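J.: Chains S and Z supply the protein sequences, listed in that same order.
Heads up: the first sequence begins at 58 in my numbering, then just goes up one per residue.
Heads up: the second sequence begins at 58 in my numbering, then just goes up one per residue.
Number of protein chains: 2
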Amino acid sequence: MKRIKIIDVLKSQDFGQSVNVKGWVRTKRGSKAVNFIALNDGSTIKNVQIVADVEKFDAELLKQITTGACLSVVGTLVQSQGAGQTSEIQATEIQVLGLCDAEYPMQKKGQTFEYMRQHAHMRLRTNTFGAVMRIRHNMAIAIHKFFHDHGFFYFHTPIITASDCEGAGEMFQVTTKNLYDLKMDEEGKIDYSDDFFGKMTSLTVSGQLEGELGATALGAIYTFGPTFRAENSNTPRHLAEFWMIEPEVAFNDINDNMDLAEEFIKYCVQWALDNCQDDLEFLNKMIDKTLLERLHFVVEHDFVRLKYTEGIRILEEAVEKGHKFEFPVSWGMDLASEHERYLVEQHFKKPVILTDYPKEIKAFYMKQNDDGKTVRAMDVLFPQIGEIIGGSEREDSYEKLMARVEELDIPMKDMWWYLDTRRFGTCPHSGFGLGFERLILFVTGMQNIRDVIPFPRTPKTAEF
Amino acid sequence: MKRIKIIDVLKSQDFGQSVNVKGWVRTKRGSKAVNFIALNDGSTIKNVQIVADVEKFDAELLKQITTGACLSVVGTLVQSQGAGQTSEIQATEIQVLGLCDAEYPMQKKGQTFEYMRQHAHMRLRTNTFGAVMRIRHNMAIAIHKFFHDHGFFYFHTPIITASDCEGAGEMFQVTTKNLYDLKMDEEGKIDYSDDFFGKMTSLTVSGQLEGELGATALGAIYTFGPTFRAENSNTPRHLAEFWMIEPEVAFNDINDNMDLAEEFIKYCVQWALDNCQDDLEFLNKMIDKTLLERLHFVVEHDFVRLKYTEGIRILEEAVEKGHKFEFPVSWGMDLASEHERYLVEQHFKKPVILTDYPKEIKAFYMKQNDDGKTVRAMDVLFPQIGEIIGGSEREDSYEKLMARVEELDIPMKDMWWYLDTRRFGTCPHSGFGLGFERLILFVTGMQNIRDVIPFPRTPKTAEF
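(1) What is the C-beta distance between Z/Leu119 and Z/Ala109, in whole angstroms, given that I count them as a contact (C-beta under 8 Å)?
(2) Using a threshold of 7 Å, state whether the C-beta atoms of S/Glu267 and S/Glu227 are closer than that.
(3) Alpha carbons only, please: which of Z/Asn195, Z/Ser100, Z/Gln265 is nearest the one belonging to Z/Met472?
(4) What in chain Z is Cβ-close to S/Leu498, meaning under 9 Å?
(5) Whose C-beta lies closer than 7 Å to the C-beta of S/Arg182 among residues of the same chain, with five residues either side of it excluded?
(6) Are the C-beta of Z/Glu298 and some C-beta of chain S separated by less than 7 Å?
(7) Between which two residues does the beta strand (DSSP E) containing Z/Arg86 stretch?
(8) Could you pull the start and end residues of the alpha helix (DSSP H) that S/Ser387 belongs to?
(9) Would a check of beta-carbon distances place S/Cys325 closer than 7 Å to chain Z?
(10) Pull up the CB-CB distance for Z/Met435 and Z/Ser449, whole angstroms please, since I reckon it's below 8 Å.
(11) Around the C-beta of S/Lys406, are 16 or more other C-beta atoms found within 10 angstroms, so that it is buried, or is it exposed?
(12) Report the three-state DSSP secondary structure of Z/Met301 (helix, strand or coil).
(13) Pull up the distance between the alpha-carbon of S/Pro215 and that of Z/Phe281, whole angstroms please.
(14) Contact check, Z/Gly443 vs Z/Phe299 under 8 Å by CB: the rounded distance?
(15) Closer than 7 Å by beta-carbon distance: list the chain Z residues that pair up with S/Lys517, in chain order.
(16) To the nearest angstrom, how far is the alpha carbon of Z/Met315 from that of Z/Ser290?
(17) Considering Cα atoms alone, identify which of Z/Ser259, Z/Arg495, Z/Leu330 is closest to Z/Ser220.
(18) Along the chain, where does the alpha helix (DSSP H) containing Z/Glu150 start, and where does it finish?
(19) Buried or exposed, going by whether 16 or more other CB atoms sit within 10 Å of the CB of Z/Ser250?
(20) Mind checking who Z/Thr280 pairs with in its DSSP beta bridge?
(21) If you measure from the beta carbon of Z/Phe204 to each beta carbon in chain S, is any gap under 7 Å?
(22) Counting pairs of beta carbons, one from the segment 128-135 of chain Z and one from the segment 69-87 of chain Z, are three or more of them closer than 8 Å?
(23) So who's on the other strand from Z/Leu96, going by DSSP bridges?
(24) Find the nearest neighbour of S/Glu303 within the set S/Phe254, S/Phe212, S/Asn97, S/Asn312, judged by alpha-carbon distance.
(25) Taking Cβ-Cβ distances shorter than 9 Å, what residues in chain Z pair up with S/Glu267?
(26) Which two residues bound the contiguous beta strand (DSSP E) that contains Z/Val409?
(27) Helix, strand or coil, according to DSSP, for Z/Asp428 in the structure here?
(28) Give me the Cα-Cα distance between Z/Phe229 and S/Phe499, rounded to the nearest whole angstrom.
(29) Beta-carbon within less than 7 Å of S/Phe531's beta-carbon, same chain only, minus the 5 sequence neighbours each way: which residues are those?
(30) I want to verify the contact list: residues of chain Z whose CB lies under 9 Å from the CB of S/Met190, in sequence order.
(31) Report yes or no: is there a C-beta of chain Z within less than 7 Å of the C-beta of S/Ile217?
(32) I'd like to confirm the pairing. Which residues does DSSP put opposite S/Ser487 in its beta bridges?
(33) Mind checking whether the beta-carbon of Z/Thr258 lies closer than 6 Å to any heavy atom of the ligand GDP?
(34) Verify the CB distance criterion: does S/Val437 have a CB-CB separation below 7 Å to chain Z?
(35) Hey, does S/Val523 have any beta-carbon neighbour from chain Z nearer than 7 Å?
(36) Give every residue of the same chain whose Cβ lies closer than 6 Å to the Cβ of S/Thr518, excluding the five residues on either side of it in the sequence, and list them in chain order.
Written out as structure tokens, the structure is:
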């Protein structure tokens with residue numbers, strides 16, 4: 058008999074039919090006459106209830122049915138008498154595929170999130186992490202579908218790189234060198250000529266620069282891959298290894314870029330609302346009671362588009378009126394999360410796209426405005442989490458780009474290929490980056506970024 | 058006026074309408090009276106022909122329109138008089154967005170593939186690499202769509218790992234240690250306690266083991282991410298950084314696994330045939346004249362399912378009948394590509410799934426058959442390239458798995474989490490791996506794996 062997934066069994070109305078389900082025991086309760094077994098196979102947050110008449114089964118077998126055990130059950134699909142479920146299975150055959158003893162780490166309910174992280178290999182079998190992982194999957198699918206439907210090409214930028222020279226301090230080095238026998242050159246520097254790539258290499262911090270190569274050839278691309286930061290930040294918002302989405306589009310200006318970002322992020326959130334109802338309802342009930350409200354807030358409002366200078370003015374007015382911020386407000390500063398959230402949650406009560414930031418606080422490749430002070434950056438600000446997307450129109454003038462590179466003394470010797478995009482058939486283009494785990498935090502209501510990726514990498518932690 | 062992508066312009070029948078296209082000049086030719094400009098924007102392999110009457114435009118402007126230059130063109134969509142195209146644009150306004158001088162590396166046609174690799178940042182603007190990258194995108198979309206439609210969850214296994222101890226010799230080390238000041242412990246070993254993760258870490262060679270954690274919780278998962286091999290192999294078939302797809306399914310046995318692999322790979326190839334016609338026709342004409350035939354060969358045949366022992370018998374018979382192989386044939390050996398191709402191309406004239414290999418040549422985690430000699434491995438063999446998929450049913454018995462681990466002396470101290478899947482509610486499960494670039498080689502007819510990924514990483518090469 059072919060196994061049916063529990064998500065499909067629960068939808069079925071074929072009462073009286075014989076079915077086979079397989080999964081793991083979440084709970085068992087019962088009386089002398091009958092056992093009720095809640096079985097879950099990961100296909101949905103809902104369990105199917107197995108009803109086993111005690112007299113029909115061997116007592117030893119029933120004893121083996123403990124929390125975490127793996128079962129194959131054949132039985133008759135019947136209409137449920139209990140509340141909250143439409144169907145259940147009256148068992149005729151039960152086979153224990155895998156025993157589970159009392160050492161099972163997910164035995165007890167109500168463990169802390171920290172306990173769950175230490176048992177991340179088993180936490181996937183719980184309601185909360187099952188829900189988070191199914192939503193994570195759905196967000197990835199929404200992203201691919203959105204870009205594919207809009208004529209973007211998925212573009213794999215390299216993970217190992219020799220050219221992200223800027224932020225060298227925050228990068229992981231990649232090497233095959235024998236660290237017990239490091240060759241030095243005449244100047245006392247490590248000789249990388251015998252390293253795998255013949256030079257010093259690191260893990261990428263962003264695919265954007267290579268993404269621009271893709272966009273200026275294929276028109277519109279997006280990346281979706283792992284990126285790395287060797288920052289020693291032990292916070293609920295930082296991972297050393299995380300996934301990033303970076304669309305880049307030839308011929309888009311900053312306004313097109315804002316349109317794209319707003320349409321894109323609304324599409325993802327709407328996808329969750331349309332495709333993850335059961336999991337969202339669970340999280341809304343158990344993790345964050347304002348979750349669904351916040352998701353609707355995003356899809357139902359036009360995003361406010363506001364220049365940075367205007368944003369600062371609003372914040373300064375708030376200060377004048379007596380609003381207390383932890384960090385002082387002044388033109389030229391980078392906004393803190395409290396400032397971003399004030400604009401979104403208190404002032405506009407809508408998501409905000411802030412543009413035209415001071416050039417000093419933004420990256421060298423952003424298009425310079427005529428005022429000589431600001432660049433065509435844009436950050437999308439959301440309730441609760443602040444910045445969710447950061448992007449810009451790119452400087453497409455070779456001369457202006459080089460002037461900025463020299464001003465900032467950025468080492469470009471390994472970046473000739475990037476400059477070539479401005480030398481040969483340059484074009485206006487724009488793009489942005491979305492940290493995937495930031496999106497998952499927003500869509501699940503989870504509070505710690507370590508709880509929205511299967512196996513988090515953080516300082517001193519690379520388990521599993 | 059809103060820009061229209063060239064792929065959409067070429068489909069349009071709205072002759073007489075005014076349109077705006079933007080893109081890069083592929084060629085310009087003409088007479089004294091009229092210039093014909095082939096413009097491409099990456100959305101399709103096809104160019105749109107821009108017709109510019111010389112008398113209507115400034116001579117200086119027309120001179121700036123060189124191969125590689127970036128243009129914005131406004132004009133009237135008209136029915137084409139030329140062969141091979143249905144529409145063209147009679148230009149009314151031309152703006153040069155980006156000049157392109159004679160140093161443009163893609164200036165000349167007919168450059169070697171090696172030249173193209175040295176200019177990988179610009180090769181994306183050529184017909185061949187545009188086609189390959191669009192097909193690569195489509196294969197990624199097909200993979201996500203297939204698994205999503207089948208109820209699998211996309212599962213991000215870690216890139217940085219402390220536990221892939223097996224193949225340590227072929228792994229890239231990841232570190233933030235200061236190599237100029239390496240602390241040693243009392244035994245003279247490097248002290249990793251102050252490294253970022255507090256221990257020695259590497260780049261993953263496979264997400265399978267973590268994937269099994271996902272499958273035994275969520276039911277059915279797939280990975281699709283970068284994997285790494287620090288092998289010093291300078292061949293047309295090896296990359297140091299490549300993308301891999303690894304589905305893993307709880308409750309699937311080896312037969313379900315074969316069904317899944319066959320359905321999956323046929324779906325991908327059929328997707329290419331259905332969605333990449335123009336690019337495939339170009340590659341079939343310019344790169345490999347048997348490409349389309351080979352793609353049809355795969356989707357139109359049932360795959361032969363054959364035990365390894367039977368495969369060896371067929372090869373031995375071939376030898377007896379006078380067929381010459383480079384490598385001798387005997388039970389226990391791993392098949393070479395020539396053997397795999399003989400079975401597929403000459404003996405069966407169908408794709409072949411070979412199963413039940415000798416345990417000595419397969420991984421420790423594969424399910425052991427009762428004969429004590431073979432394991433439930435399966436390799437899918439294709440024409441031209443040989444093995445495209447490798448997988449197995451996994452050993453789900455804790456005792457049998459541990460016996461094999463001890464037999465092979467595999468260090469498992471960092472792998473307690475993997476063994477826990479067999480300790481707590483173990484279940485039959487199966488999975489396989491597909492090297493993404495292998496699939497792209499097969500579907501594009503390209504001969505060198507460096508030509509099917511945007512920026513290949515190979516020994517001594519990490520450019521761009």
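All residues carry an ideal CB built from backbone N, CA and C; glycine is no exception.
Please read all numbers here as calculations on a predicted model, not as lab measurements.
T.: To lay it out plainly:
(1) By one-based count along the second sequence, residue 119 of chain Z stands at place 62. By one-based count along the second sequence, residue 109 of chain Z stands at place 52. Their Cβ separation, rounded to whole angstroms, is 7 Å, which keeps Z/Leu119 and Z/Ala109 in contact under 8 Å.
(2) Start at 1 with the first residue of the first sequence, and residue 267 of chain S comes out as number 210. Start at 1 with the first residue of the first sequence, and residue 227 of chain S comes out as number 170. Contact annotation: S/Glu267 and S/Glu227 have beta-carbon atoms that are not nearer than 7 Å.
(3) Looking up residue 472 of chain Z in the second sequence gives position 415. Nearest option by C-alpha distance: Z/Gln265.
(4) In the first sequence, residue 498 of chain S corresponds to position 441, counting from 1. Contact annotation for S/Leu498 against chain Z: no contact, minimum CB-CB distance about 15 Å [criterion: below 9 Å].
(5) Locating residue 182 of chain S in the first sequence gives position 125, where the first residue counts as 1. Counting only Cβ-Cβ distances below 7 Å, and skipping sequence neighbours, we find Trp81, Met163.
(6) Stepping through the second sequence from its first residue, residue 298 of chain Z is reached at position 241. Z/Glu298 belongs to the set of residues whose beta carbon lies under 7 Å from a beta carbon in chain S.
(7) Here residue 86 of chain Z corresponds to residue number 29 of the second sequence, with the count starting at 1. Counting along the chain, the beta strand (DSSP E) containing Z/Arg86 begins and ends at 75-87.
(8) Position 330 of the first sequence holds residue 387 of chain S. For S/Ser387, no alpha helix (DSSP H) run applies, since DSSP gives it neither H nor E.
(9) Against the first sequence, residue 325 of chain S aligns to sequence position 268. Output row for S/Cys325: interface = no.
(10) As a first step, residue 435 of chain Z must be located in the second sequence, where it is residue number 378. As a first step, residue 449 of chain Z must be located in the second sequence, where it is residue number 392. Right, their Cβ atoms sit about 6 Å apart.
(11) Residue mapping note: residue 406 of chain S aligns to position 349 of the first sequence, counting from 1. Exposed, since its Cβ has fewer than 16 Cβ neighbours within 10 Å.
(12) For the purposes of this step, residue 301 of chain Z is taken as residue 244 along the second sequence, with counting starting at 1. In the three-state reduction of the DSSP assignment, Z/Met301 falls in the strand class.
(13) As a working mapping, residue 215 of chain S is identified with position 158 in the first sequence. As a working mapping, residue 281 of chain Z is identified with position 224 in the second sequence. Roughly 15 Å separates the two Cα atoms.
(14) Here residue 443 of chain Z is taken as the residue at index 386 of the second sequence, counted from 1. Here residue 299 of chain Z is taken as the residue at index 242 of the second sequence, counted from 1. The C-beta distance from Z/Gly443 to Z/Phe299 rounds to 17 Å, too long to fall under 8 Å, and the pair is not in contact.
(15) As a first step, residue 517 of chain S is located in the first sequence; it is residue number 460 there, counting from the start. In chain order, Phe254, Gly255 make up the part of chain Z whose C-beta sits under 7 Å from the C-beta of S/Lys517.
(16) Translated into the one-based positions of the second sequence, residue 315 of chain Z becomes position 258. Translated into the one-based positions of the second sequence, residue 290 of chain Z becomes position 233. If you take the alpha carbons of Z/Met315 and Z/Ser290, they lie about 30 Å apart.
(17) By one-based count along the second sequence, residue 220 of chain Z stands at place 163. Comparing Cα positions, the closest option is Z/Ser259.
(18) Counted from its first residue, the second sequence places residue 150 of chain Z at position 93. Not the alpha helix (DSSP H): Z/Glu150 falls in the beta strand (DSSP E), residues 144-155.
(19) Start at 1 with the first residue of the second sequence, and residue 250 of chain Z comes out as number 193. Here Z/Ser250 is exposed, its C-beta having fewer than 16 other C-beta atoms within 10 Å.
(20) Here residue 280 of chain Z refers to the residue found at position 223 when the second sequence is read from its first residue. Bridge pairing for Z/Thr280: Z/Glu303 [DSSP].
(21) Sequence index remark: in the second sequence, residue 204 of chain Z carries index 147 (1-based). False, the Cβ-Cβ gap to chain S never drops below 7 Å.
(22) The segment 128-135 of chain Z makes contact with the segment 69-87 of chain Z: 3 or more CB pairs, one atom from each, lie closer than 8 Å.
(23) Taking the second sequence and counting its residues from 1, the one referred to as residue 96 of chain Z is at position 39. The partner list for Z/Leu96 (beta bridge, DSSP) reads Z/Val82, Z/Val105.
(24) On the first sequence, residue 303 of chain S is found 246 positions in, with the first residue counted as 1. Considering only alpha carbons, the answer is S/Phe212.
(25) Numbered from 1 along the first sequence, position 210 holds the residue referred to as residue 267 of chain S. Within chain Z, the residues whose beta carbon sits less than 9 Å from that of S/Glu267 are His178, Pro511, Phe512, Phe521, listed in sequence order.
(26) The count along the second sequence starts at 1 and reaches residue 409 of chain Z at position 352. Counting along the chain, the unbroken beta strand (DSSP E) around Z/Val409 starts and ends at 409-415.
(27) Reading the second sequence from its first residue, position 371 is the one you call residue 428 of chain Z. The answer is coil: DSSP assigns Z/Asp428 none of H, G, I, E or B.
(28) On the second sequence, position 172 is the one that residue 229 of chain Z refers to. On the first sequence, position 442 is the one that residue 499 of chain S refers to. Taken atom to atom, the span from the alpha-carbon of Z/Phe229 to that of S/Phe499 is near 34 Å.
(29) Nothing about residue 531 of chain S can be reported from this structure: the residues present for chain S run from 58 to 521 only.
(30) Indexing the first sequence from 1 puts residue 190 of chain S at position 133. Within chain Z, the residues near S/Met190 are Phe210, Phe212, Gly271, Ala274, Leu275, Ile278.
(31) On the first sequence, residue 217 of chain S is found 160 positions in, with the first residue counted as 1. For S/Ile217, the nearest CB of chain Z lies under 7 Å from its own CB, placing it at the interface with that chain.
(32) To locate residue 487 of chain S, count along the first sequence from 1; it is residue 430. Looking at the DSSP assignment, S/Ser487 forms a beta bridge with S/Val306, S/Glu450.
(33) Of ligands this structure carries none, so the ligand GDP is not represented either.
(34) Residue 437 of chain S sits at position 380 when you count from the first residue of the first sequence. So no, S/Val437 is outside the interface.
(35) This structure gives no information on residue 523 of chain S, because the portion of chain S shown stretches from 58 to 521.
(36) Residue 518 of chain S sits at position 461 when you count from the first residue of the first sequence. If we look at S/Thr518 and ignore the five residues flanking it on each side, it has no Cβ neighbours.
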